[in-house]
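Below is one structure; the comments refer to it alone.
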Amino acid sequence: MTSESLSAPTEAHVLLKAEQLDRLRNLIAELLPSNRFYAARLRSAGLADGPESLDDFTARMPFTTKEELVADQLEHPPYGTNLTYPLERYVRFHQTSGTSGKPLRWLDTDESWTWLLRTWTRVFEEAALTPRDRVFFPFSFGPFVGFWAAFDAATRYGCLALPGGGMTSRARLDSLLDNAATAVCCTPTYALRLAEVAADLGIDLAGSSVRALIVAGEPGGAVPAIRDRISLLWGGAQVMDHHGMTEVGPVSFGNPRHPGTLHVLESSYLVEVIDSISGQPVPRGEVGELVLTTLGRYGSPLLRYRTGDLVKVSTRDASELGYLELALDGGILSRVDDMVVVRGVNLYPSAVEEVVRTLPEVVEYRVELSTRAAMIEVRIEIEVSTECRDSETVATRLEEAFRSAFQLRIPVSLAATGSLPRFELKAKRWIKLDGL
8 MTSESLSAPT EAHVLLKAEQ LDRLRNLIAE LLPSNRFYAA RLRSAGLADG PESLDDFTAR
68 MPFTTKEELV ADQLEHPPYG TNLTYPLERY VRFHQTSGTS GKPLRWLDTD ESWTWLLRTW
128 TRVFEEAALT PRDRVFFPFS FGPFVGFWAA FDAATRYGCL ALPGGGMTSR ARLDSLLDNA
188 ATAVCCTPTY ALRLAEVAAD LGIDLAGSSV RALIVAGEPG GAVPAIRDRI SLLWGGAQVM
248 DHHGMTEVGP VSFGNPRHPG TLHVLESSYL VEVIDSISGQ PVPRGEVGEL VLTTLGRYGS
308 PLLRYRTGDL VKVSTRDASE LGYLELALDG GILSRVDDMV VVRGVNLYPS AVEEVVRTLP
368 EVVEYRVELS TRAAMIEVRI EIEVSTECRD SETVATRLEE AFRSAFQLRI PVSLAATGSL
428 PRFELKAKRW IKLDGL
């Protein structure tokens, strides 16, 4: 599914498609002379003179997978052949987390980095941030692009950017309060964790200056129960979802009027949603894998990249949503590898978390997957707040909530206070046992 097939072709959609095609042709022309990874593929696909249309491009050009990129970097260390320019033109190095395999190294020229920051700026604009805002970044600055891009974009946007690397959660709260931060960028999990620490310390976040949280890195910002809980713990602050990838860049922004919806920045990306098995486009309203082509990251581009993210394109019109860009209901639902089938039911991590977060007594949880008689079994450990006087009842209520939501019996057990891990970055709550 490309933007061409999403709805009746209004004048605005026609203009968007024309802009995408023009940018795609410029990108291909830039890659052909020297990008060894893509030049041969483009010529083999008959695209050396550029595509006639977006449909022509998606029909001819093969997908790019992460496995192919990893193999290329292993064969041509350390950065592979997906480099459009000589190495001395590159000024930025980043690396993926490697949660689904070997990490990818990614380089950017100054021009590509500038494009990436312009794309990030749209996220701040849709969150209603202005240069008067003070944005706090409560994470240690590792090699992932999101940390550096968000921070740099905030400074170029004119905000006071407050770094929170190398600090304890308490120190971060102190810095956030002392500097009167008005916005916070973090994962949904860490927004909840900071609120938990604040409660333990007797800090009332409702009295802080924070009025907006931009969350990313994992499903949550588009999940109503999680989003509402974060907002409640932070005194009614707006919670804006967003997602991106190191090898792709900042991809989407949350719809402030429909907070369960993400919009893909189609001026920067050509978007498709496909069936993960057949590779064919899926209709609107059905779950499929997000495929992206970067239209401005010339230094290290991606053409028809299979992101591994499962999404559902909204059936609502742009007039209802208020935005022309492609809308994803529920944001990023899951990773292709994370969705499991339990007794015939498709179980997504975001759906499980939405149920868990309906019980405010649960402060942390862990999902364990195992096999029995060739069938996948799931059980959940929960940790309840110290104020909770009847933890057994909470566990029972959660089992009942799972049964109602999924028509599955999912056993829930209690973990000792403080025994489950806390996460600053992407949470790793799903544990696979028995060789899964």
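Residue numbering for the sequence shown follows this note's numbering, starting at 8 and increasing by one per position. Glycine residues also receive a C-beta, built at the ideal position from the N, C-alpha and C atoms. As the structure is a prediction and not an experimental result, all values here were calculated from the model.
Considering only DSSP beta bridges, list what residue i is partnered with.
i, result
"Val278", "Leu299"
"Ala219", "Ala190, Gln245"
"Gly251", "Pro257"
"Asp115", "Arg99"
"Trp437", "Val374"
"Val347", "Leu354"
"Thr71", "Tyr312"
"Glu390", "Glu371"
"Ile383", "Thr378"
"Val359", "Its beta-bridge partners do not exist; DSSP assigns none."
Report the three-state DSSP secondary structure of residue i (helix, strand or coil).
i, result
"His101", "strand"
"His265", "coil"
"Ala334", "strand"
"Arg200", "helix"
"Asp397", "coil"
"Ala52", "coil"
"Leu167", "strand"
"Thr106", "Below a pLDDT of 50, predicted positions are generally treated as unreliable, and Thr106, at 49, falls in that range; the measurement from the model is reported next regardless. Coil at Thr106, not helix or strand."
"Asp140", "coil"
"His83", "coil"
"Leu427", "coil"
"Ser420", "strand"
"Ile339", "coil"
"Pro308", "coil"
"Thr17", "coil"
"Glu133", "helix"
"Val320", "strand"
"Arg291", "coil"
"Ile233", "helix"
Skipping 5 residues on each side, what residues in its chain have a beta carbon closer than 6 Å to that of residue i?
i, result
"Val385", "Val349, Leu376, Ile417"
"Ala232", "Glu361, Arg364, Thr365"
"Leu239", "none"
"Leu13", "Interpretation of Leu13 is limited by its pLDDT of 42, a score under 50 that renders its predicted location unreliable; the figure taken from the coordinates is listed afterwards. Result list for Leu13: empty, nothing under 6 Å."
"Phe430", "Thr196"
"Leu123", "Ala156, Gly256"
"Gly315", "Arg342, Val343"
"Gly172", "Ser147, Phe148"
"Tyr312", "Thr71, Leu299"
Whose C-beta lies closer than 7 Å to the C-beta of residue i among residues of the same chain, with five residues either side of it excluded?
i, result
"Leu474", "The question about residue 474 has no answer here: the residues shown for the chain are numbered 8 through 443."
"Ala184", "Contrary to the premise, residue 184 reads as Leu rather than Ala in this sequence. Cβ neighbours of Leu184 beyond the five flanking positions: Ser215."
"Val289", "Met8, Val280, Ile281, Asp282, Gly295"
"Phe409", "Val362, Leu415, Ile417"
"Glu203", "Val370"
"Ile353", "Checking the sequence, you will find Asn at residue 353 rather than Ile. Correct list, in chain order: Met346."
"Asp336", "Gly267, Thr268, Lys319, Ser321"
I believe residue i touches residue j by the beta-carbon criterion, under 8 Å. Please report the beta-carbon distance rounded to the nearest angstrom.
i, j, result
"Ala223", "Gly251", "7 Å"
"Ser370", "Glu399", "What sits at residue 370 in the sequence shown is Val, not Ser. Going by Cβ atoms, the distance from Val370 to Glu399 rounds to 16 Å, so no, they are not a contact pair."
"Val332", "Glu273", "Here residue 332 is Glu; the residue named in the question, Val, does not match the sequence. Yes, they are in contact, since the Cβ atoms of Glu332 and Glu273 sit about 5 Å apart, within 8 Å."
"Glu368", "Ser341", "Not a contact, Cβ separation roughly 26 Å."
"Phe158", "Phe143", "Wrong, their Cβ atoms sit about 10 Å apart, outside the cutoff."
"Asn42", "Leu90", "7 Å"
"Val129", "Pro85", "A small fix is needed here, since residue 129 is Arg in this sequence, not Val. About 32 Å separates the two Cβ atoms, so there is no contact after all."
"Val278", "Leu299", "6 Å"
Are there 16 or more other CB atoms within 10 angstroms of the CB of residue i, so buried, or fewer, so exposed?
i, result
"Ser321", "buried"
"Asn186", "exposed"
"Arg50", "exposed"
"Phe148", "exposed"
"Val246", "buried"
"Arg200", "buried"
"Ile284", "exposed"
"Gly329", "exposed"
"Ser411", "exposed"
"Asp115", "buried"
"Ala423", "exposed"
"Ser3", "Residue 3 is absent from the model: the chain starts at 8 and stops at 443."
"Leu208", "exposed"
"Gly153", "buried"
"Leu28", "buried"
"Pro93", "exposed"
"Asp56", "exposed"
"Val258", "buried"
What residues in its chain sit with their C-beta under 8 Å from that of residue i, if we drop five residues either side in the sequence?
i, result
"Pro263", "Glu133, Ala134, Ala135, Gln245, Met247"
"Val98", "Asp115, Thr116, Asp117, Trp120"
"Ala52", "Arg67, Met68, Pro69"
Strictly under 9 Å for the Cβ-Cβ distance: is residue i near chain B by that measure?
i, result
"Met252", "Absent from the structure: chain B. Only one protein chain is present."
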